[in-house]
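For reference, the structure discussed in these notes is given below.
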Amino acid sequence: MSGAAWGRPRPKAPVAAKAMTAFAFLLIYVPLAALVVYSFLGPSNGPGTPDAGTLVWYEKVFSNTQILGSLYASLWVGLWSTVGATVIGTAAALALERTRFPGRGVLEGIVHVPLIMPEIVLGLSMLMWFVLLRITLGYFSIILAHITFSVSYVIITVKARLHGFDDSLEEAARDLGASPWQVFWRVTFPLIWPGVLSGALMAFTLSFDDFLITFFTAGVGSDTLPLKIYSMIKFGVSREINALSTLMLVFTFALVMFFFRPSKGVKTVT
Amino acid sequence: MLEIKSVSKSFGKADVLRDISLTIKEGEFFSLLGPSGCGKTTLLRLLGGFDRPGTGEIHHNGVRIDTLPANQRRFNMVFQRYALFPHLSVRDNVAFGLRMKKVASREIASRVDEMLSLVQMAALASRSVTTLSGGQQQRVALARALVNRPEVLLLDEPLSALDLKLRQQMQVELLALQRRLKHTFIFVTHDQEEALTLSDRIAVMNDGVIDQVGTPQEIYEYPRTPFVARFIGSVNAIDGEIKDCRPDVIIVGGPTKRMMTVRPSRDGFRPLPVIPQGTPIRILVRPEKFKILKSAPGPEQNALDGTIREILYQGPVTQFFVQLRDQILIIAQPNTAVTARKGFSGGDKVFVAWAPEDCLLMGRDGPLPVLESPPVDPALSDAQLQLPLGIMEDVRMAGGVAQGG
């Protein structure tokens, strides 16, 4: 709802537009809903008999050590790639926004490339690069690859926060005796923190559900959750997968809701 | 004592400061006054340590400081838009500097409380600074700087964001604070009235150069350049040519047949220069030094005749616009006694008269070309510091006039 236009008569949307919108939402949410619903249905006793509500698939998920192992792997990869991407991305955003150096414009453009580059190309190039550098494929290479593509998102969100940052705040801190390090931690960081946080969150969710790039850089024996699900599907669709997917859905949804809850917000002094 | 020694600064091709030399005394309220772009803020930033001078040095109490970064100088700055930390409360903003210096927390608490009550913000100590009004933010910014007991407090147009009433009130508070704490204040402003009101001394800057340094009275009464005369208050310009130059009087041929005479100022602070006959010059006269008369005055006064074009009643003064042959003079008459309007009205033929002592002699487009400086009598220059009593009131009044003009 657009707050500014509230109360003022606006041109009515044509019926066709409303229908299109409804259709788009149906396309997105009906399959999701089906996935969730099926995760709660027990095996049918035969043709014609209705499925019964059950938590049996969830029990199976939680007793499946392979699934739990890959979940743990995904969380681990997500954690370290988020840390890496956030630190590098924040530093890069500061450099891009604050300093003038030759090639800065080019670099600023390049930042956006991973957002539009076909993932398969990124995955393939990453694989070739790791082989060339003789980096053993495994969790380490997955983390490196995830950092590579998610760093762009962190740079973009932190840069947005830095844009319009009142430089005199940092000068004031220096003036009051703060060393450059103290200026960063006492003034700059608390003020760009919302940007850093949303960048980090984006990095985590991207890493957590990435399939393609992980697939290329995983090597043998390292399974993240998306890879695990894919390999399970190869042996037929089990409702275990529905249950697992529902859990992932709830987890990412909860994560986003928690951090993007209506914020009290840090207002800036004008 | 703060000494600025031939400091220059350029950004790219633009010379922002050109060979600035200045000495600021301990405990002085010193203003850097000039239009925007004159380099006053740049000079303040050099003092604060946010920029380094291109050439030249800055010394404080004999120690060179221009090479020290901002966090190693015992100078504090009040920024133009306050630059309060939006994520901290009023108290934490004020405590910031002391925490950086690792002062004991008990001492921090007592000094912060003391400073907050000094600026009348104690009641709002735990508020977020984002919820404060402009005047309150201003007070917090002052407290945040002053709590560090700076050797020099730098103020970058701190009052410019406030509305007129609040600004006047803050001027008084600022002055009281400075008198009480006896810190050196260096105050950047483009507001000439503010500078006159607050300062012990003023440096008037123009295009990267200091045109004149002096007390408010000196700056107003004896401007050294046409720029200073025009920037501090308003001024009328009458072109003429030197007819005769003697130690006690200069005769100038002006726009009418009546010769104009120039005499040294009454206090002797401005002796007459030596200018060869025939030199084109410009006489500057403040609007309030004129008198408007119905008939020609005696020969002891200068006078020009013209026609009243406009009469503007402005409360304390009335402004007359008098049309001469090819220029308009602005005259300000105080509305004190029966003299107020004297029944003048638009279209009246009048005489504009002024005393030979009230002329400011300048060149046609710059300060007077000094060909031979008159000898300065040391006894006299001592006496110059003792300006006659009452001149202050004149200045105040004139300041008001100038604002109207």
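The listed protein sequences derive, respectively, from chains C and H.
This note's numbering numbers the first residue of the first sequence as 77 and each following residue consecutively.
This note's numbering numbers the first residue of the second sequence as 1140 and each following residue consecutively.
Think of the CB as a built atom: it goes at the ideal place given N, C-alpha and C, for glycine as much as any other residue.
> Ends of the beta strand (DSSP E) at H/K1144?
Replying inline: 1141 to 1150
>> I believe C/V234 touches C/I164 by the beta-carbon criterion, under 8 Å. Please report the beta-carbon distance rounded to the nearest angstrom.
In response: Not confirmed; about 11 Å, so no contact.
> Going along chain H, which residues have a C-beta under 7 Å from C/R176?
Replying inline: The premise fails here: C/R176 is roughly 12 Å from chain H at the closest Cβ pair, so nothing lies under 7 Å.
>> In the DSSP assignment, the alpha helix (DSSP H) including C/D251 goes from what residue to what residue?
In response: 243 to 251
>> What does the alpha-carbon distance come out to for the pair C/V182 and C/W257?
In response: 28 Å
>> If the cut-off is 8 Å on Cβ atoms, which residues from the stretch 204 to 219 of chain C count as contacting chain H, listed in chain order?
In response: none
> Which word fits H/K1428, buried or exposed, when buried means at least 16 other C-beta atoms lie within 10 angstroms of its C-beta?
Replying inline: buried
> Using a Cβ-Cβ cut-off of 6 Å (strictly less than) and excluding sequence neighbours within five positions of H/C1498, which residues of its own chain qualify?
Replying inline: V1401, I1422
> CA-CA distance, H/D1346 and H/T1354?
Replying inline: 21 Å
> CB H/V1327 to CB H/A1342, shorter than 7 Å?
Replying inline: no
>> Would the stretch 244 to 254 of chain C count as touching the stretch 1221 to 1239 of chain H if we require 3 or more Cβ pairs under 8 Å?
In response: yes
> Does the stretch 1182 to 1195 of chain H come close enough to the stretch 212 to 231 of chain C to have 3 or more Cβ pairs within less than 8 Å?
Replying inline: no
> What number of angstroms, rounded off, separates the C-alpha of H/L1156 from the C-alpha of H/F1168?
Replying inline: 22 Å
> Straight-line CA distance for H/F1366 to H/L1227?
Replying inline: 44 Å
>> Would the stretch 290 to 305 of chain C count as touching the stretch 1275 to 1283 of chain H if we require 3 or more Cβ pairs under 8 Å?
In response: no
>> Along the chain, where does the beta strand (DSSP E) containing H/M1474 start, and where does it finish?
In response: Note that residue 1474 of chain H is Asn in the sequence shown here, rather than Met. Segment: none, H/N1474 is in no beta strand (DSSP E) and carries neither H nor E.
> At which residue ranges does the stretch 260 to 301 of chain C contain complete alpha helix (DSSP H) runs of 4 or more residues, listed in the order of the chain?
Replying inline: 265 to 284, 288 to 293
>> Considering only the alpha carbon of each residue, which of H/F1408, H/C1384, H/T1269 lies closest to H/I1414?
In response: H/C1384
>> Taking 7 Å as the limit between beta carbons, can you name the residues of its chain near H/V1286, skipping five residues before and five after?
In response: V1233, G1236, L1237, R1250, V1251, M1254
> Excluding the five sequence neighbours on either side, which residues of its own chain have a C-beta within less than 7 Å of the C-beta of H/M1399, listed in chain order?
Replying inline: G1379, V1391, G1393, I1422, N1441
> How many angstroms separate the CA atom of H/A1407 from the CA atom of H/M1344?
Replying inline: What sits at residue 1407 of chain H in the sequence shown is Gly, not Ala. One C-alpha to the other measures close to 26 Å.
> Which whole-angstrom value describes the C-beta separation of H/G1166 and H/T1364, a residue pair presumed to lie in contact below a C-beta threshold of 8 Å?
Replying inline: Between H/T1364 and H/G1166 the Cβ distance is about 29 Å, and since that is not below 8 Å, they are no contact.
>> Going residue by residue through the stretch 1148 to 1219 of chain H, where are the continuous beta strand (DSSP E) segments of at least 3 residues, counting only ones entirely within it?
In response: 1153 to 1163, 1168 to 1172, 1194 to 1199, 1214 to 1217
> Since H/M1216 meets chain C, which of its residues come closer than 8 Å, beta carbon to beta carbon?
Replying inline: E247, A248, D251
>> From the DSSP secondary-structure annotation, give me the bridge partner or partners of H/A1442.
In response: H/A1492
> For H/L1185, is the beta carbon positioned less than 6 Å from some heavy atom of the ligand SAM?
Replying inline: As far as ligands go, the structure on display features none, and thus does not contain the ligand SAM.
> Per DSSP, what kind of secondary structure is C/M150 in: helix, strand or coil?
Replying inline: The sequence shown places Ser at residue 150 of chain C, rather than the Met named in the question. DSSP places C/S150 in helix when its eight states are reduced to three.
> From the beta carbon of C/P270, is the nearest beta carbon of chain H less than 7 Å away?
Replying inline: no
> Within 7 Å (strictly less), CB to CB, does C/A254 reach chain H?
Replying inline: yes
> In chain order, what residues of the stretch 184 to 206 of chain C put their CB closer than 7 Å to some CB of chain H?
Replying inline: none
> When the distance is taken between beta carbons, is H/V1229 closer than 7 Å to H/A1264?
Replying inline: yes
> Exposed or buried, which one is H/Q1259 when buried takes at least 16 other CB atoms within 10 Å?
Replying inline: exposed
> Rounded to a whole number of angstroms, what is the C-alpha to C-alpha distance between C/G247 and H/G1505?
Replying inline: Note that residue 247 of chain C is Glu in the sequence shown, not Gly. For C/E247 and H/G1505, the distance between alpha carbons rounds to 38 Å.
>> Can you pull the chain H neighbours of C/L267, defined as C-beta to C-beta under 9 Å?
In response: F1224, P1225, H1226
> Which residues in the same chain as H/D1205 place their Cβ atom closer than 6 Å to its Cβ, once the five residues preceding and following it in sequence are excluded?
Replying inline: P1192, E1196, I1197
> Considering only residues of the same chain and omitting the five flanking positions on each side of H/G1485, which have a CB-CB separation below 8 Å?
Replying inline: I1447, R1448, E1449, I1450
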